[in-house]
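First residue of the sequence shown? That's 66 in the numbering used here, and the numbers climb one at a time after it.
See below for the structure under consideration.
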Amino acid sequence: LSADEQKQIRAAAKESVGYMRKLWDERESKSLAIVKAGGAEIVEVDKAPFQAAMKPVYDKFLKDPKLQDMVKRINAVK
Numbered sequence: 066l067s068a069d070e071q072k073q074i075r076a077a078a079k080e081s082v083g084y085m086r087k088l089w090d091e092r093e094s095k096s097l098a099i100v101k102a103g104g105a106e107i108v109e110v111d112k113a114p115f116q117a118a119m120k121p122v123y124d125k126f127l128k129d130p131k132l133q134d135m136v137k138r139i140n141a142v143k
């Protein structure tokens with residue numbers, strides 16, 4: 066592909082991310098409703114103990130300048 070075509074594909078992919086996330090959230094909500102209507106018991110997980118257990122790992126990663134951006138991106142989606 067030419068440089069321009071590659072640029073267009075990257076732009077389209079970047080643009081589609083938000084739409085895909087919206088579709089995923091809608092599908093997840095509908096699926097959860099179906100499962101609950103079928104009588105399934107949904108157990109909500111307490112994330113705090115897992116986050117506390119991972120804190121030393123995140124702290125270690127934050128000390129490495131090469132990994133700081135990755136940690137910031139992970140935290141942004143939480």
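For every residue, glycine included, the Cβ atom is placed at its ideal position computed from N, Cα and C.
Everything numeric in this text was worked out from a predicted model, so none of it was measured.
When the options are compared against residue i, the one with the closest alpha-carbon
i, options, result
"Glu106", "Ala98, Asp129, Lys112", "Ala98"
Contact belief for residue i with residue j at Cβ below 8 angstroms, rounded distance in angstroms
i, j, result
"Val136", "Phe126", "5 angstroms"
Limits of the alpha helix (DSSP H) - the one that residue i falls within
i, result
"Lys95", "68-102"
"Asp124", "113-127"
"Ala141", "130-141"
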